Amino acid sequence: MVSPSSEQRCIGEPLRRIDHCDVRMRVMVEYPTHMTPDDTDERTHPSILGICYVPRSTGWRQLDEKVQLVFQEYCRKIDPIGGFGIHPDCVHAYTVGGAERIIGGEAPTLLPCGYIVGEVDTITLKLSELESVALDLLVDRDVLDRYTRLILEHGRVMICGPSGTGKSTLANRLAEHIVRNVPKRSSKCPIVHLDLKHASENEIRDYLHGVSENCSKPESSGREVPAVIVFDNLHRSSAVNEAFHPLL
Numbered sequence: 001m002v003s004p005s006s007e008q009r010c011i012g013e014p015l016r017r018i019d020h021c022d023v024r025m026r027v028m029v030e031y032p033t034h035m036t037p038d039d040t041d042e043r044t045h046p047s048i049l050g051i052c053y054v055p056r057s058t059g060w061r062q063l064d065e066k067v068q069l070v071f072q073e074y075c076r077k078i079d080p081i082g083g084f085g086i087h088p089d090c091v092h093a094y095t096v097g098g099a100e101r102i103i104g105g106e107a108p109t110l111l112p113c114g115y116i117v118g119e120v121d122t123i124t125l126k127l128s129e130l131e132s133v134a135l136d137l138l139v140d141r142d143v144l145d146r147y148t149r150l151i152l153e154h155g156r157v158m159i160c161g162p163s164g165t166g167k168s169t170l171a172n173r174l175a176e177h178i179v180r181n182v183p184k185r186s187s188k189c190p191i192v193h194l195d196l197k198h199a200s201e202n203e204i205r206d207y208l209h210g211v212s213e214n215c216s217k218p219e220s221s222g223r224e225v226p227a228v229i230v231f232d233n234l235h236r237s238s239a240v241n242e243a244f245h246p247l248l
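Numbering (full-length UniProt numbering), first residue to last: 1 to 248.
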């Protein structure tokens, strides 16, 4: 048993074999990075969840339990009452070395120790994207799912609340989630951000008129239509319905 203090010190140090039988591994999850107009590949940023000790004789089912336990302990620390709707079963796969393990699926050819060689010191968990967003933003997964369904069903959703509570961040991540999971659209910029703090209502209205006109054109015409438009600082609009009339 390793004390929390020594375990914390280990997180920032090179993780090497601690004896002839066990290997100390970092367990992490990778979150999608924020999309930019010129994104062509999926990029991620990692977050370390904890430490896992892997004896050389460990089988894949045993490692499944170990990584799920690390994930469970991490979730218990950040969400003691389980309000985010994230649980160990959210981990559906992980990678170690050059091997990908689907939990409950067919095991890779070698035992885990066969892939923990050289500089390999990390086990990377794979969650569904919605769970990843919930864990990254510390937002209830069911709330994210509800917002996503509302957007896909009604075409829009409005997020209200005090300044500095994360509304813009949540809106941006929802937009990215939708763009990644709906059929691809022929647009160089699938997400457009419009801020009423920096643009007048007339400018936004003119832009939306252009989007509306492009929507009526055939796809073969090379039209540019964003998949999602994120509006910020809507409280600055004196007539919201009038401003957004072109898209209604």
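The C-beta atom is built at its ideal place from N, Cα and C for all residues, glycine as well.
Note that the structure is predicted; figures quoted are calculated from it, not measured.
Could you round the C-beta distance between residue i and residue j to whole angstroms and report it? I think they count as a contact, below 8 Å.
i: residue 23; j: residue 54; result: 5 Å
i: residue 174; j: residue 234; result: At roughly 15 Å, the Cβ-Cβ gap does not stay under 8 Å, so residue 174 and residue 234 are not in contact.
i: residue 78; j: residue 93; result: In fact, because the Cβ distance is near 22 Å, the residues do not count as touching under 8 Å.
i: residue 193; j: residue 230; result: 5 Å
i: residue 251; j: residue 168; result: What is shown of the chain runs 1 to 248, which leaves residue 251 out entirely.
Are the beta-carbon atoms of residue i and residue j separated by less than 8 Å?
i: residue 129; j: residue 86; result: no
i: residue 58; j: residue 110; result: no
i: residue 178; j: residue 159; result: no
i: residue 26; j: residue 51; result: yes
i: residue 88; j: residue 68; result: yes
i: residue 49; j: residue 84; result: no
i: residue 190; j: residue 162; result: no
i: residue 127; j: residue 182; result: no
i: residue 74; j: residue 96; result: no
i: residue 147; j: residue 133; result: no
i: residue 252; j: residue 213; result: Nothing can be reported for residue 252, as the shown portion of the chain is limited to 1 through 248.
i: residue 31; j: residue 142; result: no
i: residue 113; j: residue 56; result: yes
So for residue i, helix, strand or coil by DSSP?
i: residue 75; result: helix
i: residue 95; result: strand
i: residue 41; result: Per-residue confidence for residue 41 stands at a pLDDT of 48, beneath the threshold of 50, marking its modelled position as unreliable; no derived number is given.
i: residue 204; result: helix
i: residue 63; result: helix
i: residue 126; result: strand
i: residue 224; result: coil
i: residue 119; result: coil
i: residue 114; result: helix
i: residue 156; result: coil
Pull the bridge partners of residue i from the DSSP assignment, please.
i: residue 80; result: BP columns for residue 80 are empty, so no partner.
i: residue 53; result: 24
i: residue 232; result: 195
i: residue 46; result: 30
i: residue 102; result: 93
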